[in-house]
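Heads up: the sequence shown begins at 1 in UniProt numbering, then just goes up one per residue. Data block below; observations after.
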Amino acid sequence: MTAFHDRQFIETMHAEQLRLHGGATGLRDEGMLESALARPLQKAAYGEPDLFELAAAYLFGLVKNHPFIDGNKRIALAAADTFLVFNGQSVETTSEDLVQLVLLTADGTISEEGVADFLRDVSQPFG
Numbered sequence: 001m002t003a004f005h006d007r008q009f010i011e012t013m014h015a016e017q018l019r020l021h022g023g024a025t026g027l028r029d030e031g032m033l034e035s036a037l038a039r040p041l042q043k044a045a046y047g048e049p050d051l052f053e054l055a056a057a058y059l060f061g062l063v064k065n066h067p068f069i070d071g072n073k074r075i076a077l078a079a080a081d082t083f084l085v086f087n088g089q090s091v092e093t094t095s096e097d098l099v100q101l102v103l104l105t106a107d108g109t110i111s112e113e114g115v116a117d118f119l120r121d122v123s124q125p126f127g
């Protein structure tokens, strides 16, 4: 069974990212957060996405919806990564590549499908 994130986990992880790396606290738009967190659930309910498409939905939704005042790109990457880890996958690439992935997503250069392809290419199952 696929393990999905809930809002409390995302907000806790966001607060930890801000504690570690700085930034303004607060939620900019509650509806946009709910929308971003519903994105992978909707994909799973109405299709047959793989784990990488679901992880991409977290990353893409959080980057594009910009629900927090600060740290949206950081939480987007953390959400996608932890989703994959919780579901038995390890992302094996450099921090620089991951930063580029998020920046290219934010500026519209890479699509959600492109994010999924990237994550699929750089991930390995545990064990």
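Ideal placement from N, C-alpha and C gives every residue a C-beta, glycine not left out. Quick caveat, the model's predicted, so the values are computed rather than measured.
Rounded C-alpha distance that separates residue i from residue j
i, j, result
"residue 23", "residue 69", "9 Å"
"residue 119", "residue 47", "19 Å"
"residue 44", "residue 113", "15 Å"
"residue 117", "residue 25", "32 Å"
"residue 86", "residue 110", "25 Å"
"residue 102", "residue 3", "23 Å"
"residue 5", "residue 14", "13 Å"
"residue 81", "residue 104", "17 Å"
"residue 55", "residue 95", "17 Å"
"residue 126", "residue 91", "10 Å"
"residue 79", "residue 27", "16 Å"
Assigned exposure category for residue i - 16 Cβ within 10 Å defines buried
i, result
"residue 42", "exposed"
"residue 108", "exposed"
"residue 124", "exposed"
"residue 71", "buried"
"residue 61", "buried"
"residue 83", "buried"
"residue 52", "buried"
Beta-carbon contacts of residue i that lie in its chain and below 6 Å, excluding the five residues immediately before and after
i, result
"residue 74", "17"
Any C-beta of chain C under 8 Å from that of residue i
i, result
"residue 82", "In the structure shown, chain C does not exist; there is a single protein chain."
Neighbourhood of residue i by C-beta, 8 Å cutoff - its chain only, sequence neighbours within 5 removed
i, result
"residue 7", "33, 34, 37"
"residue 29", "65, 66, 67"
"residue 50", "116, 120"
Contacting residues, own chain, Cβ-Cβ under 7 Å from residue i (five flanking each side not counted)
i, result
"residue 57", "39, 40, 43, 112"
"residue 77", "59, 98, 102"
Proximity test, residue i beta-carbon vs the ligand MG heavy atom, cut-off 7 Å
i, result
"residue 56", "For the structure depicted, the ligand MG is absent and the ligand set is empty, with no information on it obtainable."
Quick one: complete beta strand (DSSP E) runs, 3+ long, within the UniProt domain "Fido" (5-121)? Look at the UniProt domain "Fido" (5-121) and you find these whole runs of beta strand (DSSP E), each 3 residues long or longer: 89-91.
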